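See below for the structure under consideration.
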Amino acid sequence: MVQITYRIVEHDGGWAYKLGDTYSETYPDHDSARAAAVAVSREQKVSDEDAFIEYEDTNGRWITERADGHDRPDADVEG
(Lines of atoms letter the chains of each structure in order from A and count residues from 1; the text may use other names and numbers.)
(Lines give C-alpha, C1' and ligand atoms only; values in the text may rest on other atoms or scores of the structure.)
Protein backbone atom coordinates (compact mmCIF):
# COMPACT_ATOMS: atom_id res chain seq x y z
CA MET A 1 0.00 0.00 0.00
CA VAL A 2 1.23 3.46 -0.86
CA GLN A 3 1.79 5.86 2.05
CA ILE A 4 1.08 9.57 1.54
CA THR A 5 1.43 12.40 4.06
CA TYR A 6 -0.29 15.77 4.00
CA ARG A 7 1.84 18.38 5.77
CA ILE A 8 0.45 21.57 7.34
CA VAL A 9 2.62 24.53 6.33
CA GLU A 10 2.57 28.32 6.28
CA HIS A 11 1.64 29.44 2.79
CA ASP A 12 0.66 32.62 1.00
CA GLY A 13 -0.06 34.64 4.14
CA GLY A 14 -1.94 31.84 5.89
CA TRP A 15 -1.82 28.06 6.24
CA ALA A 16 -2.25 25.19 3.78
CA TYR A 17 -1.80 21.48 3.55
CA LYS A 18 0.80 20.20 1.13
CA LEU A 19 1.27 16.87 -0.63
CA GLY A 20 4.62 16.64 -2.37
CA ASP A 21 5.08 20.00 -4.11
CA THR A 22 1.36 20.75 -4.36
CA TYR A 23 -0.38 23.16 -1.97
CA SER A 24 -4.06 23.31 -1.09
CA GLU A 25 -5.96 26.55 -0.99
CA THR A 26 -4.88 28.93 1.77
CA TYR A 27 -6.69 28.82 5.11
CA PRO A 28 -6.68 31.62 7.70
CA ASP A 29 -5.25 29.50 10.51
CA HIS A 30 -3.43 26.27 11.28
CA ASP A 31 -6.49 24.53 12.72
CA SER A 32 -8.57 25.17 9.60
CA ALA A 33 -5.84 23.83 7.32
CA ARG A 34 -5.41 20.76 9.53
CA ALA A 35 -9.16 20.07 9.58
CA ALA A 36 -9.26 20.27 5.77
CA ALA A 37 -6.25 17.94 5.47
CA VAL A 38 -7.85 15.41 7.82
CA ALA A 39 -11.05 15.48 5.73
CA VAL A 40 -9.07 14.96 2.51
CA SER A 41 -7.03 12.13 4.03
CA ARG A 42 -10.25 10.34 5.03
CA GLU A 43 -11.60 10.69 1.49
CA GLN A 44 -8.45 9.01 0.16
CA LYS A 45 -9.52 5.80 1.94
CA VAL A 46 -12.96 5.56 0.28
CA SER A 47 -13.08 2.90 -2.44
CA ASP A 48 -14.59 3.74 -5.79
CA GLU A 49 -15.19 2.05 -9.13
CA ASP A 50 -12.36 1.30 -11.54
CA ALA A 51 -11.97 4.08 -14.11
CA PHE A 52 -9.70 5.38 -16.82
CA ILE A 53 -7.86 8.53 -15.79
CA GLU A 54 -5.85 11.00 -17.84
CA TYR A 55 -3.09 13.29 -16.56
CA GLU A 56 -0.10 15.24 -17.81
CA ASP A 57 3.34 14.07 -16.66
CA THR A 58 6.28 16.35 -15.83
CA ASN A 59 7.47 16.17 -19.47
CA GLY A 60 4.17 17.49 -20.80
CA ARG A 61 2.97 14.12 -22.14
CA TRP A 62 -0.61 13.02 -21.55
CA ILE A 63 -0.98 9.61 -19.96
CA THR A 64 -4.13 7.49 -19.92
CA GLU A 65 -4.28 4.58 -17.51
CA ARG A 66 -6.75 2.39 -15.67
CA ALA A 67 -7.13 3.31 -12.01
CA ASP A 68 -8.13 0.53 -9.63
CA GLY A 69 -10.85 2.04 -7.47
CA HIS A 70 -9.93 -0.25 -4.59
CA ASP A 71 -6.19 0.48 -4.55
CA ARG A 72 -6.27 3.33 -2.04
CA PRO A 73 -3.27 4.92 -0.30
CA ASP A 74 -2.74 5.08 3.44
CA ALA A 75 -2.94 8.82 4.20
CA ASP A 76 -1.59 10.69 7.25
CA VAL A 77 -1.56 14.33 8.35
CA GLU A 78 1.50 15.94 9.98
CA GLY A 79 1.69 19.33 11.59
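Mapping of the sequence shown onto my numbering: residues 599 to 677, in sequence order. Yeah, the Cβ is synthetic: ideal placement off N, Cα and C, and Gly gets one too. It should be emphasised that the depicted structure is a prediction, and the values quoted were computed from it without experimental measurement.
Could you tell me the alpha carbon to alpha carbon distance between residue i and residue j, rounded to whole angstroms?
i	j	result
E663	E647	14 Å
A634	Y615	8 Å
N657	G618	17 Å
G677	Q601	17 Å
E631	A673	The question names Glu, but residue 631 is Ala in the sequence shown. Taking the straight line from one Cα to the other gives about 16 Å.
V638	H668	17 Å
D629	Y604	14 Å
R640	P671	10 Å
R659	Q642	26 Å
G612	P626	5 Å
Could you pull out every residue in the same chain whose Cβ sits closer than 6 Å to the Cβ of residue i, ignoring the five residues on either side in sequence?
i	result
A649	A665
D610	T624
Please report the residue range of the alpha helix (DSSP H) in which residue i lies.
i	result
V636	628–642
For residue i, does the three-state DSSP call read helix, strand or coil?
i	result
V600	coil
R664	strand
Note down, in chain order, each residue of its chain lying with its Cβ closer than 8 Å to the Cβ of residue i, except the 5 sequence neighbours on either side.
i	result
I661	E652, Y653, E654, D655
What are the boundary residues of the beta strand (DSSP E) that residue i is part of?
i	result
G611	Element bounds for G611: n/a, residue is neither H nor E.
Y653	649–654
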